[in-house]
Amino acid sequence: MEGVYTLGVFALAMFFGSYLAGLIPLAFTMSESRIRRISIFGAGLLVGTALSVIIPEGVEVLYSARFGTYRYFAVLREQQQQPQLEFDEEHDDSWIHKAIGFSLIIGFLVMLLIDETFRAATSGERSRFGLTATIGLIVHAAADGVALGSASATNRADVQFIVFLAIMLHKAPAAFGLVSFLLVEGLERVRVRRHLLAFSLSAPLTAMLTFYIIAMFGSNSSLSSHSFTGILMLFSAGTFLYVATVHVLPELVLNDYQLMPTSSNSGHSHSSGVGGNIKELSALIVGALFPAIIASGHSHSH
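Numbered by the working numbering, the letters in the sequence shown go through residues 18 to 319 in order.
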């Protein structure tokens, strides 16, 4: 039950944090260079969280489910079918290896297909551009919710916190950018707030839904629940890697970053000089290392 309460707190914090960040452009302007650095730090966090927290944890959850299976059958079979048990173990290992690879690549490809779908939709009618941009970000946020929900199912508070922090540090600038973009598009403030509300609710609701789906699986079999949790975590790691490596990092390398495309497509050139680039690179490196440092400070207790 502790995992439910922790997830509830994180879900509320995610909703209010995202919503309040989106209200900032409605109240006052913020330095674009500062928003840029926050976004770059968030991209580093996404990469670091995927590589040093979610992937190792997902792999460990899958293998712990397998070892639990063998302990269970060892009690039933004792020593009667030892050769068959070794064959099953080898077969199960190959299944886990495939599950790891497929989960990661499917998460990456799902986000790629979503991006391409909404990019094609926005290339047409201008009046629908704001709506499709909002829907695209809502789907991205839903994938973040899957990551937090599956992380919560592991009952690891440190993993939950790192995933939550990584989500918030790219979700808050995304909310800010979405509202700024919708205002440029000329939407009424009431409609902008509705778009922001839908975006802010997406990740918390998906996180709670994912957690309860895993709990339902667990009511039938804790082993299948562990496997499902591990696969979902690896899937979400693939989505994290896509958002960081396809959206934010290329724009950092090209030094042509924009939170959201503007209707005028003015394409501000953010050539902030060597000092600015060093600060941005430092923000990226610190963001990438931060999850690994936090994770290494907590020993596994399961």
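Idealized CB from N, CA, C, for every residue including glycine. Since the structure is predicted, the reported quantities are computational estimates derived from the model, not experimental observations.
Check                                                                                                                                                                          : Outcome
Let me see if you follow: with CB-CB separation under 8 Å, is Leu218 close to chain B or not?                                                                                  : This model lacks chain B altogether; it includes just one protein chain.
Evaluate Val74 with the Cβ neighbour count: other Cβ atoms within 10 Å of its Cβ, from every protein chain shown; 16 or more gives buried, anything less gives exposed.        : Contrary to the premise, residue 74 reads as Glu rather than Val in this sequence. Flag for Glu74 reads buried.
Note down the Cα distance separating Ala44 from Gly194, rounded to an integer number of angstroms.                                                                             : 14 Å
Please classify Ile231 as buried or exposed, where buried requires at least 16 neighbouring CB atoms within 10 angstroms.                                                      : buried
Measuring alpha carbon to alpha carbon, tell me which residue in Ile295, Ile122, Val127 and Leu258 is nearest Phe60.                                                           : Just to set this straight, residue 60 is Ala in the shown sequence, not Phe. Of the listed residues, the one whose Cα sits closest to Ala60 is Leu258.
DSSP on Thr227, reduced to helix/strand/coil?                                                                                                                                  : helix
Taking only runs of the beta strand (DSSP E) that begin and end inside the stretch 21 to 61, which ones reach a length of at least 3 residues, in chain order?                 : none
Is the distance from the Cβ of Phe119 to the Cβ of Ala158 below 8 Å?                                                                                                           : no
Under a Cβ-count criterion, where at least 16 other Cβ atoms within 10 Å of its own Cβ denotes burial, should Ile302 be classed as buried or exposed?                          : exposed
Within 10 angstroms of the Cβ of Met185, are there 16 or more other Cβ atoms? Answer buried if so, exposed if not.                                                             : buried
Count the other C-beta atoms from every protein chain shown that fall within 10 angstroms of the C-beta of Met233, then say buried if there are 16 or more, exposed otherwise. : exposed
Can you list, in chain order, the residues of its chain whose CB lies under 8 Å from that of Arg211, leaving out five sequence neighbours each side?                           : none
Considering only the alpha carbon of each residue, which of Leu214, Ala192 and Asp175 lies closest to Thr307?                                                                  : The residue you asked about is not Thr; residue 307 is Phe in the sequence shown. Measuring from the Cα of Phe307, the nearest candidate turns out to be Asp175.
Are the CB atoms of Met31 and Pro190 nearer to each other than 8 Å?                                                                                                            : no
For Val92, does the three-state DSSP call read helix, strand or coil?                                                                                                          : Any reading at Val92 must be qualified, since the residue scores a pLDDT of 45, below 50, and its modelled position is unreliable; the value itself is stated next. It is helical.
Would the C-beta of Pro73 count as close to the ligand HEM, meaning under 7 Å from any of its heavy atoms?                                                                     : Among the components of this structure there are no ligands whatsoever, and the ligand HEM is therefore not found.
Below 8 Å CB to CB, which residues in the same chain sit around Ile123 once its five sequence neighbours on both sides are set aside?                                          : Phe252 and Gly255
Please name the residue, chosen from Gly166, Lys115 and His114, that lies closest to Leu226 on a Cα-to-Cα basis.                                                               : Gly166
Verify whether the separation of the beta carbon atoms of Ile117 and Ile311 is less than 8 Å.                                                                                  : no
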